[in-house]
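First comes the structure, then the notes that go with it.
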Amino acid sequence: MWTVKLVAAGVVTAAVFAAAPARALDPSLPLAPDASPVDAFRMGAELYSSGDRTSAFNAFEFAASKGHAIAQWKLGKMYAEGDGVQEDDYKAFQMFSAIADEHADDNPYTPSARVVADAFVNLANYYKTGIANTGVKPDVSRAVDLFTHAATYFGDADAQYNLARIYLDGEGGVGSDSVRAVRWLSLAARKNHVAAQATLGEVLIYGNGVRPLPEKGYMWIVVARENATPKNRDWVLAVDHRVSAVLTDEQKAVGSALAQSWIDKSRN
13 MWTVKLVAAG VVTAAVFAAA PARALDPSLP LAPDASPVDA FRMGAELYSS
63 GDRTSAFNAF EFAASKGHAI AQWKLGKMYA EGDGVQEDDY KAFQMFSAIA
113 DEHADDNPYT PSARVVADAF VNLANYYKTG IANTGVKPDV SRAVDLFTHA
163 ATYFGDADAQ YNLARIYLDG EGGVGSDSVR AVRWLSLAAR KNHVAAQATL
213 GEVLIYGNGV RPLPEKGYMW IVVARENATP KNRDWVLAVD HRVSAVLTDE
263 QKAVGSALAQ SWIDKSRN
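Everything in the sequence shown is counted per our numbering, starting at 13 for the first residue and increasing by one.
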């Protein structure tokens with residue numbers, strides 16, 4: 013079993029709450045001490061969706077105290093983001109640690125596996141930066157271990173992208189390895205991870221530590237531009253503008269055609 017010693021996902025949230033069956037408890041009434049963690053989580057999901065963050069937090073806390081992994085994950089996200097509760101990264105760290113301790117070997121093909129993988133990613137990010145005024149100190153090697161588990165066992169695209177960034181930048185004593193970074197970026201890019209697509213494109217265009225493939229690189233830039241959201245669109249467009257200055261019109265035309273072919277296939 014994976015052990016973590018105690019010393020941040022709108023898409024996942026939507027999927028988790030959408031999967032929560034109809035409630036069995038009345039959210040206007042307090043939880044009974046013998047209420048099941050599943051019922052408590054369902055109540056919390058309904059209260060959260062209605063905008064009652066305080067009551068939702070209480071229901072999630074009840075379910076989490078009884079080992080409900082998705083409730084623990086949601087508490088972790090709420091603590092990390094200050095969502096309905098005072099922001100507290102260490103408490104978020106504890107929630108994600110509890111999930112990693114108990115669910116590292118869960119079936120990776122179940123819906124809840126996305127939550128477990130996301131907990132590993134959040135935990136890894138805490139180890140990468142550390143948490144001020146706590147026993148959680150920066151430990152990039154530990155972060156790599158956690159990202160690697162989420163990236164390999166669960167196939168998590170965020171973990172794959174984060175691993176690639178560490179290998180590209182050579183963070184925290186981890187040696188720079190562009191070839192390994194490109195492998196992780198490629199896996200995440202094929203899952204439509206926008207940041208991975210744009211980063212992979214830029215690496216291939218400039219040939220940073222790998223053989224330059226400008227047409228294929230621009231393909232990934234165009235795909236990233238197509239998939240970009242309001243949150244990351246400006247960044248992707250900035251990358252596009254930067255690489256366009258070093259590409260010929262022919263290279264961009266070939267890359268654009270490759271991108272359209274990839275987009276068409278991915279939609280079928």
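Just so it is clear, CB atoms sit at the ideal spot from N, CA and C, and this is done for glycine as well.
Beta-carbon proximity check, residue i vs residue j, cutoff 9 Å
i       : j       : result
Phe-69  : Val-97  : yes
Leu-220 : Ser-190 : It is worth fixing the name first, because residue 220 is Asn in this sequence and not Leu. Yes, the pair counts as a contact, with Cβ atoms nearer than the cut-off.
Ser-278 : Asn-204 : yes
Gly-267 : Gly-229 : yes
Ala-75  : Tyr-91  : no
Ala-176 : Ala-208 : yes
Lys-140 : Gly-184 : yes
Ala-236 : Val-222 : no
Leu-270 : Glu-227 : yes
Arg-65  : Asp-46  : no
Nearest-angstrom Cβ-Cβ length linking residue i and residue j, presumed shorter than 8 Å
i       : j       : result
Ile-217 : Val-258 : 7 Å
Ala-210 : Val-248 : 5 Å
Ala-240 : Val-206 : 6 Å
Leu-87  : Glu-99  : The Cβ separation is near 13 Å, so there is no contact.
Pro-120 : Tyr-165 : 6 Å
Ala-169 : Ala-200 : 4 Å
Pro-49  : Lys-89  : Between Lys-89 and Pro-49 the Cβ distance is about 18 Å, and since that is not below 8 Å, they are no contact.
Asp-118 : Ser-124 : 7 Å
Sequence-distant residues of its chain with Cβ nearer than 7 Å to residue i (five each side left out)
i       : result
Ile-111 : Ala-81, Gln-84, Trp-85, Val-128 and Ala-131
Leu-158 : Phe-132, Leu-135, Ala-136 and Tyr-139
Trp-274 : Met-231 and Val-235
Thr-160 : Leu-175
His-115 : Ala-81 and Val-128
Arg-202 : none
Ser-198 : Leu-212
Other residues of its chain near residue i: CB distance less than 6 Å, five sequence neighbours each side excluded
i       : result
Arg-35  : With a pLDDT of 45 at Arg-35, under the threshold of 50, the modelled position of this residue cannot be trusted, and the question is left open.
Arg-192 : Tyr-179
Asp-151 : Tyr-139
Thr-260 : none
Thr-146 : Tyr-102
Trp-196 : Gln-172, Leu-175 and Ala-176
Met-231 : Gly-267, Leu-270 and Ala-271
Met-107 : Gln-84, Leu-87 and Gly-88
Gly-213 : Gly-229, Trp-232 and Ile-233
Gly-142 : Val-148, Lys-149 and Pro-150
Ser-67  : Leu-59
Ala-144 : none
Arg-1   : There is no way to answer for residue 1, as the model of the chain reaches only from 13 to 280.
8 Å CB neighbourhood of residue i in its chain, flanking five on each side removed
i       : result
Asp-181 : Ser-188
Ala-52  : Leu-37, Leu-43, Ala-71, Phe-72, Phe-74, Ala-75, Lys-78, His-80 and Ala-83
Lys-264 : Tyr-230 and Ser-256
Arg-254 : Glu-214
Pro-224 : Leu-216, Ile-217 and Tyr-218
Gly-22  : Legend: pLDDT at Gly-22 = 48, less than 50; position of this residue unreliable, value from coordinates given subsequently. Same-chain partners within the cutoff: there are none.
Query - Segments of 4+ residues assigned as alpha helix (DSSP H) that fall wholly inside the segment 123-164 - result: Counting only runs of 4 or more, we get 125-141 and 152-164.
**Report entry** Completely contained alpha helix (DSSP H) runs for the segment 180-223, where each covers 4 or more residues
**Finding:** Runs found: 190-201 and 206-218.
Requested in this report: Note down, one range per segment and in chain order, each alpha helix (DSSP H) of at least 4 residues found wholly within the segment 34-115.
Outcome: 49-62, 65-77, 81-93 and 101-115, all fully within the segment 34-115.
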